[in-house]
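Undergrad: The structure follows.
Protein chains in written order, with the working numbering: chain A, 1 to 353; chain B, 1 to 297.
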């Protein structure tokens, strides 16, 4: 009976075997331009089959449940670390990745994956504030600090026009940064301080929102949103396309913020590690690496890509910060289960009160 | 082959496949959840190994700890109570809206009745999320509805209101999504009523309200209960609608279960919450079935 179940489970979890040359890419939605894919398909004389996930936890949960058949994944560094610890990744063969030298030193060899044994940086976003320049100028609200999101005295002017990310780690990280702590603080007293800051500001916010704040900013329903730099770029592009009388401006708070670096990794059970290595090296080429930034305004960890990036995007300081500002950015680390349980309990309390 | 044997074979061929299906895809996952609720969370998500061999020998990694956490923290009881209230208000609102509609459909002539039933089913042809997103536009601060309402309120000297991202928006979404599940069983029941009963009641001097309250409504109770169960139980566990339409305080039990499995990667505690939810849903379904069976006597 057990064997029968095992066979059944295997049959269900294995997608169609790769008969032809197919690379299975499990990626964020809208995270690679069609031209890049086509260029690679011509280059390798193969097909790329993309499937999508919408957050790291979804990716981790799916792989944990035994999903197989993916060659390349694009997790954020904290999830890369979790995958390494679970022994779910294939060590990279650096001899097949000569373009690895293009990665800027600040983004290579991070504590999440020393010496880039498993991952190559692909793109990044910063969690910051995006605002409606017309409305906030009228009201005289400056956006240069997390105080705009957390200080009730400032929030009183924009009550009900603010959304924050529906993500426990991101929002608590912002409150911790506002207090001058690390985004990875696990001290319970400091976390409680962050919780109290959030609870005091919460009555002024319209919603916890991780999916529709781009649209709400674009149409002018929301004037200040806590969100990802890529999304603010999208909101601004949409607002201009719709000929709105305002822009959506990304603002990097002076206290620092969360940096999310997404990297490409090869899954341990990848059907085609050969194609996967080819793909990783291809994506490290400056021209291919620049495509995504030109498409969605993402930050770019590739030094060689800079010369291919549109000048108006390179000029956005919040996405391409100077070295001093960049030093205040922090990546979120994975918590152990006890810490995570504490934070989750706190988050449930925050949302229920 | 005896006739009795053949009859039982026939019965098995008809009822067997759905039973096997339920056993495989409802029974086994539920058992997995029961077991998961007793296990310990893994360090990086998932579950800790069931057996662990330490210096003191092999130990079985089972514990009631997650249940203990649930019962020692009033936060979760409050969450269930809040979800219960939302589901109850949804079921009552659906009933009040669906009853007249179902009555109208049941008493329409043949062709028009088919058309009306089709119209009730029509929303299912488009994706559930898209329909809920549409409510974001309808309830948004710049929408015609909100602006008209606020213009009317201003005329009465009342401050403007927000509709989107409020508990009201969540209830609107819940009622909208579940309404067909109330209309259809009610219609199926009302359609079968013998019109002669109402004629008889009228002949005996019952006014229209009495005819409804003493004849139609008692006869329709099984439909009411079926509809109430079909609305109440899914509404109790839903998470997409509060996520999309809710504000900063619209979290329900479904959201917390999702959060335990995804954000917190605490499968045992998520399983405990699911178990309690399942137990409550089964209890309500059993209560509805019991009341319905008593009505029939």
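Don't be surprised by glycine CBs; every beta carbon is placed ideally from N, CA and C.
Just the chain A side, please: which residues come within less than 9 Å of residue 23 (chain B) by C-beta, in chain order?
TA: The premise fails here: residue 23 (chain B) is roughly 13 Å from chain A at the closest Cβ pair, so nothing lies under 9 Å.
Undergrad: If you measure from the beta carbon of residue 68 (chain B) to each beta carbon in chain A, is any gap under 7 Å?
TA: No, residue 68 (chain B) does not count as interfacial toward chain A.
Undergrad: Name the residues in the region 95-121 of chain B whose C-beta lies less than 7 Å from a C-beta of chain A; which are they?
TA: So nothing in the stretch comes that close.
Undergrad: What separation, rounded to the nearest whole angstrom, lies between the Cα atoms of residue 343 (chain A) and residue 246 (chain B)?
TA: Using only the alpha carbons, I get a separation of about 22 Å.
Undergrad: Using only alpha-carbon positions, find the residue among A:351, A:338, A:328 and A:291 that is nearest to residue 186 (chain A).
TA: The shortest C-alpha separation from residue 186 (chain A) is found at A:338.
Undergrad: Please classify residue 6 (chain A): is it buried, with 16 or more other beta-carbons within 10 angstroms of its beta-carbon, or exposed?
TA: Only weak support is given to the placement of residue 6 (chain A): the predicted model assigns it a pLDDT of 48, under 50, and the value that follows is read from those uncertain coordinates. Result: exposed.
Undergrad: Taking the C-alpha atoms as reference points, what is the distance between residue 259 (chain B) and residue 276 (chain A)?
TA: Near 32 Å, if we compare the C-alpha coordinates of residue 276 (chain A) and residue 259 (chain B).
Undergrad: How big is the Cα-Cα spacing for residue 82 (chain A) and residue 75 (chain A)?
TA: Answer to the nearest angstrom: the Cα atoms are 10 Å apart.
Undergrad: Pull up the distance between the alpha-carbon of residue 429 (chain A) and that of residue 253 (chain A), whole angstroms please.
TA: Because chain A here runs from 1 to 353, residue 429 (chain A) falls outside it and cannot be looked at.
Undergrad: Which of helix, strand or coil does DSSP assign to residue 17 (chain B)?
TA: Reduced to three states, the DSSP call for residue 17 (chain B) is helix.
Undergrad: What are the residues that DSSP puts in a beta bridge with residue 208 (chain A)?
TA: According to DSSP, residue 208 (chain A) bridges with A:164.
Undergrad: Name the chain A residues whose beta carbon is nearer than 7 Å to that of residue 41 (chain B)?
TA: Those are 337, listed as they occur along chain A.
Undergrad: Tell me the rounded alpha-carbon separation between residue 58 (chain A) and residue 148 (chain A).
TA: So the alpha carbons of these two residues sit roughly 31 Å apart.
Undergrad: When DSSP builds the beta bridges, which residues end up paired with residue 27 (chain A)?
TA: Partner(s): A:52.
Undergrad: Just to confirm the assignment: which complete beta strand (DSSP E) runs, minimum length 3, are found wholly within the region 34-77 of chain B?
TA: The region 34-77 of chain B contains these whole beta strand (DSSP E) runs: 51-54 and 57-60.
Undergrad: Under the three-state reduction of DSSP, which class applies to residue 332 (chain A): helix, strand or coil?
TA: Correct three-state label for residue 332 (chain A): coil.
Undergrad: Name the residues in the region 221-246 of chain A whose C-beta lies less than 7 Å from a C-beta of chain B; which are they?
TA: The residues in question are 221.
Undergrad: Just the Cα atoms here: how many angstroms apart are residue 298 (chain B) and residue 216 (chain A)?
TA: For residue 298 (chain B) there is no data in the structure shown, the boundaries of chain B being 1 and 297.
Undergrad: Cβ of residue 263 (chain A) within 7 Å of Cβ of residue 102 (chain A)?
TA: No, these two residues do not count as a Cβ contact at 7 Å.
Undergrad: Under a Cβ-count criterion, where at least 16 other Cβ atoms within 10 Å of its own Cβ denotes burial, should residue 248 (chain A) be classed as buried or exposed?
TA: It is buried - the Cβ of residue 248 (chain A) has at least 16 other Cβ atoms within 10 Å.
Undergrad: Helix, strand or coil: how does DSSP classify residue 292 (chain B) here?
TA: Reduced to three states, the DSSP call for residue 292 (chain B) is helix.
Undergrad: Beta-carbon separation of residue 112 (chain A) and residue 72 (chain A) under 7 Å?
TA: Contact: no.
Undergrad: Which residues bound the alpha helix (DSSP H) around residue 195 (chain B)?
TA: 195-203 is the span of the alpha helix (DSSP H), which, as asked, contains residue 195 (chain B).
Undergrad: For the structure I just gave you, are there three or more beta carbon pairs, one from the region 91-109 of chain A and one from the region 202-214 of chain A, closer than 8 Å?
TA: Contact between the region 91-109 of chain A and the region 202-214 of chain A is absent, because fewer than three Cβ pairs lie under 8 Å.
Undergrad: Measuring only between beta-carbons, confirm whether residue 144 (chain A) sits less than 7 Å from chain B.
TA: Residue 144 (chain A) does not count as touching chain B.
Undergrad: Could you check the C-alpha separation between residue 292 (chain B) and residue 225 (chain B) for me, to the nearest Å?
TA: Whole-angstrom Cα-Cα distance: 7 Å.
Undergrad: Beta carbon of residue 186 (chain B), beta carbon of residue 157 (chain B): below 7 Å?
TA: Result no, Cβ atoms of residue 186 (chain B) and residue 157 (chain B) do not sit closer than 7 Å.
Undergrad: Going by the DSSP bridge assignment, what does residue 260 (chain A) pair with across the sheet?
TA: According to DSSP, which records beta bridges pairwise, residue 260 (chain A) is partnered with A:125.
Undergrad: What's the C-alpha gap between residue 268 (chain A) and residue 87 (chain A)?
TA: Going from the Cα of residue 268 (chain A) to the Cα of residue 87 (chain A) covers about 8 Å.
Undergrad: Could you please tell me which residues of the region 160-178 of chain B, in chain order, have their CB closer than 8 Å to any CB of chain A?
TA: So the close ones are 162, 164 and 165.
Undergrad: From residue 25 (chain A) to residue 39 (chain A), what does the alpha carbon distance come to, in whole angstroms?
TA: Taking the straight line joining both Cα atoms gives about 15 Å.
Undergrad: If the cut-off is 8 Å on Cβ atoms, which residues from the region 257-268 of chain B count as contacting chain A, listed in chain order?
TA: Listed by position, the residues of the region 257-268 of chain B near chain A (Cβ gap below 8 Å) are 259, 260, 261, 262, 263, 264, 265 and 266.
Undergrad: Nearest-angstrom Cα distance between residue 115 (chain A) and residue 65 (chain B)?
TA: Taking the straight line from one Cα to the other gives about 40 Å.
Undergrad: Rounded to whole angstroms, what's the CA-CA distance from residue 146 (chain A) to residue 170 (chain A)? Just pull it up for me.
TA: C-alpha separation (whole angstroms): 13 Å.
Undergrad: Report the rounded CA-to-CA distance for residue 215 (chain B) versus residue 196 (chain B), giving the unit in angstroms.
TA: Looking at the two C-alpha atoms, the distance is approximately 11 Å.
Undergrad: Cβ closer than 9 Å: which chain B residues qualify as neighbours of residue 212 (chain A)?
TA: Under the 9 Å cutoff, chain B gives 133, 136 and 244.
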